[in-house]
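Read top to bottom, the protein sequences are chains E and L. Numbered by the working numbering, the letters in the first sequence go through residues 298 to 412 in order. Numbered by the working numbering, the letters in the second sequence go through residues 564 to 674 in order. Where a beta carbon is used, it is the ideal one built from N, C-alpha and C, also for glycine. The next block holds one structure in the form of C-alpha cells; read it before the comments.
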Amino acid sequence: NAGVTQTPKFRILKIGQSMTLQCTQDMNHNYMYWYRQDPGMGLKLIYYSVGAGITDKGEVPNGYNVSRSTTEDFPLRLELAAPSQTSVYFCASSFSPVWGGTEAFFGQGTRLTVV
Amino acid sequence: GNSVTQMEGPVTLSEEAFLTINCTYTATGYPSLFWYVQYPGEGLQLLLKATKADDKGSNKGFEATYRKETTSFHLEKGSVQVSDSAVYFCAVQGGSEKLVFGKGTKLTVNP
Numbered sequence: 298n299a300g301v302t303q304t305p306k307f308r309i310l311k312i313g314q315s316m317t318l319q320c321t322q323d324m325n326h327n328y329m330y331w332y333r334q335d336p337g338m339g340l341k342l343i344y345y346s347v348g349a350g351i352t353d354k355g356e357v358p359n360g361y362n363v364s365r366s367t368t369e370d371f372p373l374r375l376e377l378a379a380p381s382q383t384s385v386y387f388c389a390s391s392f393s394p395v396w397g398g399t400e401a402f403f404g405q406g407t408r409l410t411v412v
Numbered sequence: 564g565n566s567v568t569q570m571e572g573p574v575t576l577s578e579e580a581f582l583t584i585n586c587t588y589t590a591t592g593y594p595s596l597f598w599y600v601q602y603p604g605e606g607l608q609l610l611l612k613a614t615k616a617d618d619k620g621s622n623k624g625f626e627a628t629y630r631k632e633t634t635s636f637h638l639e640k641g642s643v644q645v646s647d648s649a650v651y652f653c654a655v656q657g658g659s660e661k662l663v664f665g666k667g668t669k670l671t672v673n674p
C-alpha cells in the first residue's frame, strides 16, 4: 500500500526560486493537509483541503499556494523561496477531519533548504 | 488557542527500561488527545488516542491516560525495545481549532 507519497524527499533552493512539492494519496481520502516542522518545533498547519476544488488556509499560509484538482493530489507551491521557508514539510490525509479525532496518514516528509 | 507542552528530548534508554514521555495541554472545551510516532525515514503515524476524560489509549504496549484534572496525557511503556526508537509527538484538538502538535521527543533505545 502506497498511502501518502511526497516528492521530492530533499531539495535545496536559492532565494527567489519557485518549486512545487508534490503529494498524492491512494486511499480516496477527502481531507488533505500540508504541515511544516521547523527545528525543535511542533508541526504547523499551512493549508488544508476538504475535497477536490476546495482549499483553506491553516495557521501559517503566507508564502505558499495550493490547489486540489483531484481527490488524489494536493501540491504545495512556493513562489518566491525565502530562508524562513527552510523546514521539513509533511503532507497528510484523512477520511474525515483530523480535528474530529480521526487518524491522519502522513507522507515521509520533504526536507527543504533555502539558501 | 490550544497548545501542547511536551517533554524535551532526546531521551536515551536501555532495552527493557520503563518509558515516560510527559505531555500537558491547554485547550477549550473537551479536547481529543493523540500520540503520533515517526520512525526513522518514515512519516508520522497515529500511535494512540483518547477522546474523553479518563479514557486510556493503548497500542503496541504504549499507554496514555487522559487526565482532565491535570490536563495531561503522558505516554508510558513498561519495557522498551530497540524498535521503539523514534520521535514521539503529542497532539491536541479542541473546540473549533485544528490539530496542534508538540515539538516532538526523540527516543533512542540501546541494546
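Reference residue i; option with closest CA among the options
i, options, result
"S384 of chain E", "E:A401, E:Y332, E:H326", "E:Y332"
"G283 of chain E", "E:L310, E:T321, E:K311", "Because chain E is modelled from 298 through 412, residue 283 of chain E falls outside the range shown and cannot be assessed."
"N327 of chain E", "E:T317, E:V301, E:D335", "E:V301"
C-beta atoms of residue i and residue j nearer than 8 Å
i, j, result
"L611 of chain L", "A590 of chain L", "no"
"Q319 of chain E", "Q303 of chain E", "yes"
"C653 of chain L", "G665 of chain L", "yes"
"T587 of chain L", "T634 of chain L", "yes"
"F403 of chain E", "M324 of chain E", "no"
"Y344 of chain E", "G355 of chain E", "yes"
Chain L residues whose Cβ lies nearer than 7 Å to that of residue i
i, result
"E400 of chain E", "L609"
Residue i (DSSP reduced to helix, strand or coil)
i, result
"S391 of chain E", "strand"
"D647 of chain L", "helix"
"Q314 of chain E", "coil"
"Q322 of chain E", "strand"
"S577 of chain L", "strand"
Nearest-angstrom Cβ-Cβ length linking residue i and residue j, presumed shorter than 8 Å
i, j, result
"V363 of chain E", "L373 of chain E", "6 Å"
"S391 of chain E", "E400 of chain E", "7 Å"
"N673 of chain L", "T575 of chain L", "7 Å"
Short CB-CB distance (under 8 Å) between residue i and chain B
i, result
"M329 of chain E", "Judged by its chain identifiers, the structure shown contains no chain B, and its protein chains are E and L."
Neighbour list for residue i in chain E, Cβ cutoff strictly below 8 Å
i, result
"V567 of chain L", "G339"
"G604 of chain L", "Q405"
Residue i: contacting residues in chain E (beta-carbon distance under 7 Å)
i, result
"F664 of chain L", "G339, L340"
Partners in chain L for residue i, counting only beta-carbon separations shorter than 9 Å
i, result
"V301 of chain E", "G606"
Partners in chain E for residue i, counting only beta-carbon separations shorter than 9 Å
i, result
"G667 of chain L", "Q334, G337, M338, G339, L340"
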